[in-house]
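Notes follow once the structure below has been shown.
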Amino acid sequence: MKALNIIETGYRATLEEQDDPGVWLAYTLKAAGADVDVLLRGNAVNYAVKDQDAGGLQYGAWRQTQPPRLAENIASLTSKGMAVFIVSEDLQERGLGGVPLIESLTPVTRNGIARLLGNYDQVWHW
Amino acid sequence: MADKKTLTFALMDPPYENARSTTALRLINIAAKRGYDINVFAYEGSVFLAFAMQKPHPNAMHGRNVEEENHVLTKELVSSLMQEAMRNGGKIDWVNCGLCVDERGAVEAVEGVRRGSPADFLKMAATSDNTLVIVTRG
Amino acid sequence: MANYLFIESRDPYGSNDTQFCCDLAKQLAQQGDAVTVFLVQNGVFPARAGARADELSALAKAGIEILADEFSLRERGIPTDRLTAGVKPAPLDVVIDRLADGCKAIWH
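Residue numbers (our numbering), protein chains in the order written: chain A, 456 to 581; chain B, 1334 to 1471; chain C, -2 to 105.
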């Protein structure tokens, strides 16, 4: 069984979870032996941006010492052998055309998603 | 039962926050009435759907006391669905994601709910006829 | 040919991402796949006759089956005999039918 995880919402609970739950799940499923890939679309394409910095949050005396490192987490997916696709137009409309992004991502156009889905037995939209 | 199926649902939403948890339970109800085997992987806030410590309350705006209000407690819906599935020759395997339970303190769940991990979801998805992920929204 | 079921829970007035499902459904249909869009929850809002429903009209024009959850319609006081052209009321059971049949199901 081959599954495509579509991750769309960006920055939902990432500061509390210290990662993105959809990305975490994809990583964990892969580690458990799943044949899974990821498609980043919508606001989640911003996860590919290298210069994110979520550090420094403090609530009274409590300091967040392990802020989310979303770009690193995405890079870890590709280093685990997952294909990570990213929607080109979603990058463009967010002004990410010339911004440094992590490597090893596979761009796909909105028109190309339909063909991509045909390569998978299951499509899980997180 | 003719043509018995196994379906897997992955949920994310906690109760009392949006309509997705209601629709999810409606879908599970339909499958339970058909006597299907149903897997539920409750991820993130949906671990609270089966939280045993839910309590009803009265509603002054409705002018009803606790008994009259008959407040929906999703833990009772979960238990009822489990019974419905069994009554029709099926079953529900409800797994709460353990790490999600821990970080939320949602330890007490109704009978029949077990603690698990994404490895359970993977096994469920691989051995089901189909899987539906009901994504939350940010 | 593959079978797809899009369960659209969002409405186009509060979410501009409904275009994603609409475009993807049309592309899949164009490449020969069978596609059904099942509206549920606030996703049924554009199903009311007279509502702004550009995406539903585009789907209907592309020959895509559009169903709307009867309960969601009733919950919102949308009469089933006065729906946007191309939309048919249906019980939620259809989603379980299609899942049981092995449709690739995507919740939006």
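Glycine included, C-beta positions come from ideal geometry on N, C-alpha and C.
Would you say residue i faces chain D, with C-beta separation under 7 Å as the test?
{"i": "B:GLU1377", "result": "Included in the structure are the protein chains A, B and C, with no chain D among them."}
Quick one: grab the DSSP three-state call for residue i.
{"i": "A:GLU558", "result": "coil"}
{"i": "A:ASN566", "result": "helix"}
{"i": "A:TYR514", "result": "strand"}
{"i": "B:GLY1447", "result": "Per the sequence presented here, residue 1447 of chain B reads as Arg, with Gly not at that position. In this structure, B:ARG1447 counts as strand in the three-state DSSP scheme."}
{"i": "B:THR1460", "result": "helix"}
{"i": "B:ARG1397", "result": "strand"}
{"i": "C:ASN13", "result": "coil"}
{"i": "B:ASN1403", "result": "coil"}
{"i": "C:LYS101", "result": "strand"}
{"i": "B:VAL1440", "result": "coil"}
{"i": "C:VAL91", "result": "helix"}
{"i": "A:ASN528", "result": "helix"}
{"i": "B:ASN1392", "result": "strand"}
{"i": "B:ASP1336", "result": "coil"}
{"i": "B:THR1469", "result": "coil"}
{"i": "C:GLN38", "result": "helix"}
Can you check DSSP and say which residues form a bridge with residue i?
{"i": "B:GLU1377", "result": "Per DSSP, none; premise fails for B:GLU1377."}
{"i": "A:HIS580", "result": "A:ILE461"}
{"i": "B:TRP1427", "result": "B:VAL1373, B:VAL1446"}
{"i": "B:THR1341", "result": "B:ASN1372, B:THR1464"}
{"i": "C:VAL32", "result": "C:TYR1"}
{"i": "B:ARG1353", "result": "Beta-bridge pairing links B:ARG1353 to no other residue."}
{"i": "C:PRO86", "result": "C:ALA65"}
{"i": "A:ARG605", "result": "In the structure displayed, chain A extends from 456 to 581; residue 605 of chain A sits before or after that span and is not available."}
{"i": "A:VAL493", "result": "A:ASN460, A:VAL539"}
{"i": "C:LEU80", "result": "C:ARG45"}
{"i": "A:VAL504", "result": "A:LEU556"}
{"i": "B:PHE1384", "result": "B:ALA1442"}
Between the C-alpha atoms of residue i and residue j, what's the straight-line distance to the nearest angstrom?
{"i": "C:GLY60", "j": "A:ALA489", "result": "36 Å"}
{"i": "C:CYS18", "j": "B:GLU1401", "result": "42 Å"}
{"i": "C:ASP94", "j": "A:LEU512", "result": "48 Å"}
{"i": "A:LEU552", "j": "A:LEU546", "result": "The amino acid occupying residue 552 of chain A in the given sequence is Gly; Leu does not appear at that position. Distance between the alpha carbons of A:GLY552 and A:LEU546: 6 Å."}
{"i": "B:HIS1404", "j": "B:PRO1391", "result": "8 Å"}
{"i": "A:TYR444", "j": "C:GLN16", "result": "Limits of chain A in this structure are 456 at one end and 581 at the other, which puts residue 444 of chain A out of reach."}
{"i": "B:THR1341", "j": "B:VAL1373", "result": "6 Å"}
{"i": "C:PHE3", "j": "A:GLU544", "result": "22 Å"}
{"i": "C:CYS100", "j": "B:THR1339", "result": "14 Å"}
{"i": "B:GLU1350", "j": "B:SER1379", "result": "10 Å"}
{"i": "C:LEU89", "j": "C:PHE68", "result": "8 Å"}
{"i": "B:ALA1393", "j": "C:LYS58", "result": "49 Å"}
{"i": "B:SER1412", "j": "C:GLY29", "result": "43 Å"}
{"i": "B:ALA1352", "j": "C:VAL37", "result": "10 Å"}
{"i": "B:LYS1366", "j": "B:ALA1418", "result": "6 Å"}
{"i": "A:GLU471", "j": "A:ARG524", "result": "12 Å"}
{"i": "C:GLU5", "j": "C:LYS85", "result": "14 Å"}
{"i": "B:GLY1449", "j": "B:GLY1431", "result": "5 Å"}
{"i": "B:LEU1465", "j": "A:VAL554", "result": "35 Å"}
{"i": "B:PHE1454", "j": "C:PRO43", "result": "35 Å"}
{"i": "A:GLY497", "j": "A:TRP517", "result": "32 Å"}
{"i": "A:VAL491", "j": "C:TRP104", "result": "18 Å"}
{"i": "A:GLY567", "j": "B:PRO1347", "result": "34 Å"}
{"i": "B:ASN1421", "j": "A:ASN528", "result": "44 Å"}
{"i": "C:LEU96", "j": "A:ALA487", "result": "25 Å"}
{"i": "C:ASP14", "j": "B:GLU1436", "result": "31 Å"}
{"i": "B:ARG1470", "j": "C:VAL91", "result": "24 Å"}
{"i": "A:LYS505", "j": "A:TYR466", "result": "15 Å"}
{"i": "B:ALA1458", "j": "C:GLY83", "result": "34 Å"}
Contact defined as beta carbons within less than 8 Å: I believe residue i pairs with residue j. What is the distance between those atoms, to the nearest angstrom?
{"i": "A:LEU560", "j": "A:ALA503", "result": "6 Å"}
{"i": "C:LEU64", "j": "C:ALA48", "result": "Contact doesn't hold; Cβ gap of about 17 Å is too wide."}
{"i": "C:VAL34", "j": "C:ALA46", "result": "About 18 Å separates the two Cβ atoms, so there is no contact after all."}
{"i": "B:VAL1440", "j": "B:VAL1434", "result": "6 Å"}
{"i": "C:LEU70", "j": "C:THR77", "result": "6 Å"}
{"i": "A:GLN473", "j": "A:GLN521", "result": "5 Å"}
{"i": "C:ASN39", "j": "C:ARG79", "result": "The pair is not a contact, with the Cβ atoms about 18 Å apart (cut-off 8 Å)."}
{"i": "C:ILE75", "j": "C:VAL41", "result": "6 Å"}
{"i": "B:LEU1344", "j": "B:ILE1425", "result": "Not quite, the Cβ-Cβ distance comes to about 12 Å (not below 8 Å), so this is no contact."}
{"i": "A:LEU532", "j": "A:ALA481", "result": "6 Å"}
{"i": "B:LEU1358", "j": "B:LEU1414", "result": "7 Å"}
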